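Notes to accompany the following structure.
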Amino acid sequence: MRINLTSVFVDDQAKALRFYTEVLGFVKKHDVPLGTDRWLTVVSAEQPDGTELLLEPDGHPAVGPYRRALVGDGIPAASFAVDDVRAEFERLRGLGVRFVQEPVDMGPVTVAVLDDTCGNLIQLTHRR
628 MRINLTSVFV DDQAKALRFY TEVLGFVKKH DVPLGTDRWL TVVSAEQPDG
678 TELLLEPDGH PAVGPYRRAL VGDGIPAASF AVDDVRAEFE RLRGLGVRFV
728 QEPVDMGPVT VAVLDDTCGN LIQLTHRR
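In C-alpha cells:
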C-alpha cells in the first residue's frame, strides 16, 4: 500500500497553484475543470510520478473552523521533506514567504513552519 494522493484545503486555487509551483517548486500534474472548481494537483519536480497534492477548494462548511483551529494552535496542515531546512528557509524568506517558526533542531530533525498564503501552515523538515 502506498500514499497516492493527499490534499490541503485552499481558499483560492489559482493563488495556491502559483504559490505551490512558482514559490515552493512543485509541478502541476492535473488540472481538470469541475464547474467553478478544478481537480488541481501538484507533484514534486524530483518525483513527477510520486504522491500528488490536491489543492482542494475550501467550500465545505467544516473546512473554515477546522483550518482556523489548526492555524490558531500552530499545527501544520502538511509536512514536506527538503534536503536542508535552513537553506530552504533562506531561499523562501528571500522570496517573501512568511514563516511562523524559523528553523529549529528537534532531536534528529530540523523543522520550520511557513504560511502558504492560502489558509494553511506548512512544515518543512529534514533528517540529519
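Residue numbers (the working numbering): 628 to 755. A virtual CB, placed ideally from N, CA and C, is assigned to each residue, including glycine. Given the structure is predicted, the values throughout are model-derived calculations rather than measurements.
For this session: Measure the alpha-carbon distance for D639 versus R755 and round it to whole angstroms.
Result: Locating residue 639 in the sequence shown gives position 12, where the first residue counts as 1. Locating residue 755 in the sequence shown gives position 128, where the first residue counts as 1. Spanning the two alpha carbons is a distance of roughly 35 Å.
Exercise. Can you tell me whether H753 is buried or exposed, with buried defined as 16 or more other CB within 10 angstroms of its CB?
Worked result: Residue 753 sits at position 126 when you count from the first residue of the sequence shown. Buried: at least 16 other Cβ atoms inside 10 Å.
For this session: Counting only the same chain and skipping the five closest in sequence on each side, list residues whose C-beta sits under 7 Å from that of R665.
Result: In the sequence shown, counting from the first residue as 1, residue 665 sits at position 38. Excluding sequence neighbours, R665 sits near Q640, D658, V659.
Exercise. Taking V669 as the reference, which of P692, L661, L644 has the closest Cα?
Worked result: Here residue 669 refers to the residue found at position 42 when the sequence shown is read from its first residue. Per the Cα distances, L644.
Exercise. Residues in its own chain within less than 7 Å of P675 by CB, not counting five upstream and five downstream?
Worked result: In the sequence shown, the residue the question calls residue 675 occupies position 48. Within the same chain, P675 has close Cβ partners V654.
For this session: Work out the CA separation of V727 and E717 for me, nearest whole Å.
Result: As a position in the sequence shown, residue 717 is number 90, starting the count at 1. As a position in the sequence shown, residue 727 is number 100, starting the count at 1. Taking the straight line joining both Cα atoms gives about 14 Å.
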